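Using our numbering, you'd call the opening residue of the sequence shown number 262 and step up by one each time.
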Amino acid sequence: MSASPLPALLETARLRMRPLGPSDVDVVHRLWAERDPRHPARRRLDDEGRPSREEVRDRLTVQAEESLRTGIGLLAIERRDEPGAIGYCGLVVGSASVDEPEMAFELLREVHGSGLATEAARAVVEAARASGRARLWSTVRRWNAASFRVLEKSGFTESGRVTPDPEDGDTVWMVRDLGEPSPHGG
């Protein structure tokens, strides 16, 4: 399969999405600090505040370079009526592939429950469909009910694949066939 790169900019009724990069270090570092303690320790700030802001900036630089190479990546989410990023949503190779990438998203706690994650996810699903991709994946810890709701509203279903993890919670593989119509018109 030869899918085209995702657009660098996406807009919805309430959101503007642009490539996530090193200048987004503040929001990404804050997301690390806000993560649920059930996330694996390697995915949260430790007691000494690591990863540091500089380490996060370095990771964002590497991710931006990888996006240029693969044509997919994370997009910073901004409200159209307010400046500043509130999180990210996009496609990564992750545990999948460039042709069937993994959708990832994370928003600041202050905007949870507002429907913004679902709005961003649906925009990314539609952009992936327009790029010629046939399927998307998303991996979610079984305890993460909010992420399951976003994915279900975006047309993802359980694939039947589960990666067991007794320490941090099993990972459920969700799948979205892009040949199917979008639920809820989006």
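From the three backbone atoms N, C-alpha and C, an ideal C-beta is built for every residue, glycine too. Model, not experiment: these values are computed from the prediction.
{"Item": "Given a cut-off of 8 Å on the beta-carbon distance, is the pair ILE333 and PRO362 in contact?", "Value": "yes"}
{"Item": "How about ASP319: is its Cβ closer than 7 Å to a heavy atom in the ligand SAH?", "Value": "Among the components of this structure there are no ligands whatsoever, and the ligand SAH is therefore not found."}
{"Item": "Looking at the structure shown, is ASP531 part of a helix, part of a strand, or coil, going by DSSP?", "Value": "Here the chain covers residues 262 to 447 and nothing more, so residue 531 does not appear."}
{"Item": "Is the region 284-291 close to the region 317-327, with three or more CB pairs under 8 Å?", "Value": "yes"}
{"Item": "DSSP has GLU367 in a bridge; who is on the other side?", "Value": "TYR349"}
{"Item": "Report the three-state DSSP secondary structure of LEU377 (helix, strand or coil).", "Value": "helix"}
{"Item": "THR331 to GLU428, Cα distance in whole Å?", "Value": "32 Å"}
{"Item": "For GLY447, collect the residues of the same chain with a Cβ closer than 6 Å to its Cβ; drop the 5 residues on either side in sequence, then sort them by chain order.", "Value": "Residue confidence is low: GLY447 scores 49 on pLDDT, short of 50, so the model does not pin down where it sits. Its coordinate-derived value is still stated next. Same-chain partners within the cutoff: ARG383."}
{"Item": "Return the chain-ordered list of same chain residues with a C-beta closer than 7 Å to the C-beta of ARG340, the five sequence neighbours on each side being excluded.", "Value": "ARG275, LEU276, ILE347"}
{"Item": "Where in the region 377-411 do unbroken runs of the alpha helix (DSSP H), each at least 4 residues long, occur, reported from the N-terminal end onward?", "Value": "377-391"}
{"Item": "Between the C-alpha atoms of THR273 and SER284, what's the straight-line distance to the nearest angstrom?", "Value": "22 Å"}
{"Item": "Within 10 Å of its beta-carbon, does LEU267 have 16 or more other beta-carbons around it, so buried, or fewer, so exposed?", "Value": "buried"}
{"Item": "Cβ atoms of VAL385 and LEU352: under 8 Å apart, would you say?", "Value": "yes"}
{"Item": "Let's test the definition: count the other Cβ atoms within 10 Å of the Cβ of THR379 and tell me whether it reaches 16, buried, or not, exposed.", "Value": "buried"}
{"Item": "Would DSSP call ARG340 helix, strand or coil?", "Value": "strand"}
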